[in-house]
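J.: Have a look at this one before I ask anything.
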Amino acid sequence: MAPHFDSRGSSPHDLTSSTRNHYAHPVGDGYLETTDSKDYNVSHLQYTEPDDLHDLVCVGFGPASLAIAVALHDSLDTPNICRDLPNLSEHQPKVAFLERQPSFAWHAGMLLPGAKMQISFIKDMATLRNPRSEFTFMNYLHKNGRLVEFTNLGTFLPQRVEYEDYMRWCANWFNEVVEYDQEVVQIIPENLSTGSQKVESFIVKSRNRRTNTMTERRTRNVVIAAGGRPSIPKHLPQRHPKVIHSSQYSHVIRDLFKDPQYPYRAAVIGGGQSAAEIFENLHSHYPNSQTNLIIKGAALRPSDDSPFVNEIFNPSRVDDVYHQSPALRASALAADRNTNYGVVRLDLLERIYETIYTQRIRYKSEAAWPHHILPHRHILKITDSPEIPGGVRLHIHNTSGDFYVEGENGDEVIDVDAVFVATGYRRNAHEDMLEGAEGLRPNGAHKWEVGRDYRVLFKEGTVVEDAGVWLQGCCESTHGLSDSLLSVLASRAGEMVNNIFGADPYPTQRGSKKSISLNGRSSMTSNGITNL
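Residue numbers for the sequence shown follow UniProt numbering, so the first one is 1 and each next one is one higher.
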């Protein structure tokens with residue numbers, strides 16, 4: 001067996017003692033440096049050899065799995081909680097987290113200068129579950145010497161770059177149990193004993209993205225928290241170098257547009273937060289550029305984050321949503337979409353409007369404006385541009401004539417150096433991973449079904465009670481709009497630890513045996529960012 005560090009990406013195990021506590025990572029226009037405490041933080045979770053039978057393997061190490069790691073640490077750190085979880089108190093839990101990225105990162109492609117979080121820092125990895133945890137955002141500020149200065153800002157909304165650094169700080173506690181550069185390709189049910197007809201564990205197969213080495217880990221429980229996969233509409237080029245998903249914007253923009261003074265032409269597709277942020281970033285950092293924001297609707301619309309509406313993201317609302325009838329639940333989700341989908345924070349919306357208005361002062365004709373918002377447009381296709389070398393041509397159907405007296409219906413083309421597509425994420429990674437387990441679905445089920453506790457419901461009698469698969473971040477249609485967001489992570493992670501390691505591993509919670517199908521549909525958030 002290869003040494004376990006061979007399968008890791010960069011981690012503190014690879015650093016000298018003089019550099020472990022001081023590191024930097026790229027952020028926007030520069031680097032954000034973090035100084036940890038004098039001794040490198042190590043969690044209560046310990047490394048488990050891949051050949052050992054694990055209690056839990058988490059697929060993905062984004063915020064959802066990170067919150068579970070934090071909840072596990074806190075449970076082991078709190079004697080009275082640990083006593084209530086016999087599967088933790090009786091032996092050291094054998095856990096592993098498998099992450100396909102080379103190191104912890106949270107939407108690094110959209111860490112734009114000045115971009116702020118859209119939820120309160122109190123909804124961090126721990127506070128709503130245990131305000132005394134070491135992993136609160138407040139403790140992170142304290143440990144990094146910024147608590148007083150942050151307080152002086154008078155805000156509950158930290159910059160996105162700082163919150164990502166906070167999560168990275170938390171993640172570094174768990175380097176002993178996280179394997180980076182590991183892409184999970186398959187999850188296979190298995191029988192541990194020849195005498196049993198039931199599935200007693202699962203084999204998690206992963207590929208090292210650097211070496212192509214395959215590794216198998218056996219585990220009683222699997223949590224799939226793989227996050228969203230960038231989604232580009234099927235009729236548009238999927239791998240064109242000049243058709244770029246918003247998730248890659250910060251990674252590619254400097255190589256794509258090398259000269260800040262050059263009159264680049266760019267288009268942005270989408271009407272949500274990410275599209276608006278990219279549109280503003282382009283004309284801010286490339287003052288001579290020409291940009292078009294192409295939207296389906298009539299206008300950019302503000303997100304609703306008022307206090308009463310925000311209660312839909314309360315952890316307690318998950319029970320309410322789950323136990324509604326399918327028709328009522330679908331209707332309620334549709335009614336609340338303007339909290340999170342296809343909307344823009346008001347402060348950004350107002351800045352963009354001011355930019356558009358300033359053009360009315362500077363230019364006599366709207367045709368001369370360098371920056372436009374084009375409403376009521378539908379992209380038909382994207383081809384190579386005959387006018388711009390290496391560029392692309394957008395073929396667009398304009399329906400503005402149906403809405404405005406001076407509007408025109410018809411097809412039009414726009415030639416640009418690059419187009420940025422902010423059209424959300426797909427949340428169906430679990431379907432590919434569980435393809436080999438489809439025979440365990442209940443009779444007649446065509447999609448994976450989950451209970452209130454997020455456990456996949458297999459055909460009755462096929463899987464033992466102390467083994468299971470759990471889904472995180474792909475249950476919006478059953479558990480509510482908060483499912484893919486940061487809002488409920490701390491509380492939900494506590495539930496997950498209790499469900500997996502408690503005396504009654506899978507307690508029925510107000511009818512949790514009831515199941516609802518997950519259809520793996522595309523998901524787009526207002527900020528273009530799926531948080532898990």
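Built from N, CA and C at the ideal position, the CB exists for glycine as well.
For Leu72 and Gln186, what's the separation of their Cα atoms in angstroms?
T.: Whole-angstrom Cα-Cα distance: 25 angstroms.
J.: If you draw a straight line from the alpha carbon of Met117 to that of Ile312, how long is it in whole angstroms?
T.: Each residue's Cα considered, the two are about 18 angstroms apart.
J.: Output the distance between the C-alpha atoms of Pro12 and Gly114, rounded to the nearest integer angstrom.
T.: With a pLDDT of 36 at Pro12, under the threshold of 50, the modelled position of this residue cannot be trusted; read the value that follows with caution. The alpha-carbon atoms of Pro12 and Gly114 are separated by roughly 29 angstroms.
J.: Which two residues bound the contiguous alpha helix (DSSP H) that contains Ser284?
T.: Note, Ser284: alpha helix (DSSP H), 273 to 285.
J.: Taking only the alpha-carbon atoms, compute the straight-line gap between Gly424 and Pro302 and give it to the nearest angstrom.
T.: Using only the alpha carbons, I get a separation of about 18 angstroms.
J.: Alpha carbon to alpha carbon, how far is Ser491 from Leu293?
T.: Each residue's alpha carbon lies about 38 angstroms from the other.
J.: So the candidates are Glu438, Ser289, Gly439; which of them puts its Cα closest to the Cα of Asp417?
T.: Among Glu438, Ser289, Gly439, the Cα nearest to that of Asp417 belongs to Ser289.
J.: CA-CA distance, Tyr47 and Val177?
T.: Cα-Cα distance, rounded: 5 angstroms.
J.: Under the assumption that Ile269 contacts Ile379 (Cβ atoms under 8 angstroms), give the Cβ distance between them as a whole number of angstroms.
T.: Right, the Cβ-Cβ distance comes to about 6 angstroms (below 8 angstroms), so this counts as a contact.
J.: So Ala225 and Cys58 are supposed to be a Cβ contact under 8 angstroms. How far apart are they, rounded?
T.: That pair is a contact at about 6 angstroms.
J.: Would you please state the rounded distance, in angstroms, between the beta carbons of Thr219 and Ser247? I believe it to be under 8 angstroms.
T.: With 8 angstroms as the limit, Thr219 and Ser247 do not qualify as a contact, their Cβ atoms being about 29 angstroms apart.
J.: Can you tell me where the alpha helix (DSSP H) with Asn499 in it begins and where it stops?
T.: Run containing Asn499: 489 to 501, per the alpha helix (DSSP H) assignment.
J.: With distances taken from CA atoms, which of Ser206, Val413, Ala276 is nearest Glu350?
T.: Nearest of Ser206, Val413, Ala276 to Glu350, Cα basis: Ala276.
J.: Identify the continuous alpha helix (DSSP H) that holds Pro63 and give its terminal residues.
T.: Its alpha helix (DSSP H) spans residues 63 to 77.
J.: With 16 as the cutoff for other CB atoms within 10 Å, does Lys234 come out buried or exposed?
T.: Exposed, by the Cβ-count rule.
J.: What is the residue span of the beta strand (DSSP E) that residue 538 lies within?
T.: In this structure the chain extends from 1 to 532, so residue 538 is not present and cannot be described.
J.: So the candidates are Ile253, Phe137, Gly272, Asn41; which of them puts its Cα closest to the Cα of Tyr341?
T.: Of the candidates Ile253, Phe137, Gly272, Asn41, the one whose C-alpha sits nearest the C-alpha of Tyr341 is Gly272.
J.: The alpha helix (DSSP H) spanning Gln346 covers which residue range?
T.: Here the sequence assigns Leu to residue 346, which means Gln is not the residue at that position. From DSSP, the alpha helix (DSSP H) with Leu346 extends over 346 to 362.
J.: Please tell me whether Leu486 and Asp124 are closer than 9 angstroms, where the distance is taken between their beta carbons.
T.: Yes. Within cutoff.
J.: Quick one: residues in its chain with C-beta nearer than 8 angstroms to the C-beta of Lys198, no 5 flanking neighbours on either side, listed in chain order?
T.: These residues qualify, in order along the chain: Asn191, Gly461, Thr462, Val463, Val464.
J.: How close, in whole Å, do the beta carbons of Val450 and Leu471 come, if the pair is a contact with beta carbons under 8 angstroms?
T.: Indeed, because the Cβ distance is near 6 angstroms, the residues count as touching under 8 angstroms.
J.: Report yes if the CB atom of Leu147 is closer than 9 angstroms to the CB atom of Ser120, and no otherwise.
T.: Contact flag unset, no.
J.: Just reading off the beta strand (DSSP E) that Val416 is part of, what are its end residues?
T.: That run of the beta strand (DSSP E) goes 409 to 416.
J.: Just verifying my parser: in three-state terms, what is the DSSP assignment at Ser206?
T.: Of the three classes helix, strand and coil, the one that applies to Ser206 here is strand, per DSSP.
J.: Please report the residue range of the alpha helix (DSSP H) in which Glu470 lies.
T.: One detail in the question is off: residue 470 reads as Trp in this sequence, not Glu. Trp470 -> not in any alpha helix (DSSP H); beta strand (DSSP E) instead, spanning 468 to 471.
J.: What residues are listed by DSSP as bridge partners for His397?
T.: Paired residue(s): His378, Asp411.
J.: I believe Arg502 touches Leu85 by the beta-carbon criterion, under 8 angstroms. Please report the beta-carbon distance rounded to the nearest angstrom.
T.: Per the sequence shown, residue 502 should be read as Gly rather than Arg. 5 angstroms between Cβ atoms; contact.
J.: Does Met125 come out as helix, strand or coil in the three-state DSSP assignment?
T.: In the structure shown, Met125 sits in coil (DSSP, three-state: anything other than H, G, I, E or B).
J.: Could you have a look at Ala108 and say whether DSSP puts it in helix, strand or coil?
T.: Helix, per DSSP.
J.: For Pro375 versus Ile500, is the C-beta distance shorter than 9 angstroms?
T.: No; because the gap between Cβ atoms is not below 9 angstroms, this pair is not in contact.
J.: Pick helix, strand or coil for Ala115, following the three-state DSSP scheme.
T.: Residue state, collapsed to three classes: coil.
J.: Reducing DSSP to helix, strand and coil, say where Ala266 ends up.
T.: Ala266: strand per DSSP, three-state reduction.
J.: Assign Met214 to one of two classes, buried (16 or more other C-beta atoms within 10 Å of its C-beta) or exposed (fewer than that).
T.: Result: exposed.
J.: Leaving aside the five residues before and after Val469 along the sequence, list all residues of the same chain whose C-beta is less than 6 angstroms from its C-beta, in chain order.
T.: Only Val222, Val456 meet the Cβ criterion.
J.: Under DSSP, the alpha helix (DSSP H) around Ile253 begins and ends at which residues?
T.: Unbroken alpha helix (DSSP H) run through Ile253: 249 to 256.
J.: Do you know how far the Cα of Trp173 is from the Cα of Phe137?
T.: Cα to Cα, Phe137 sits roughly 14 angstroms from Trp173.
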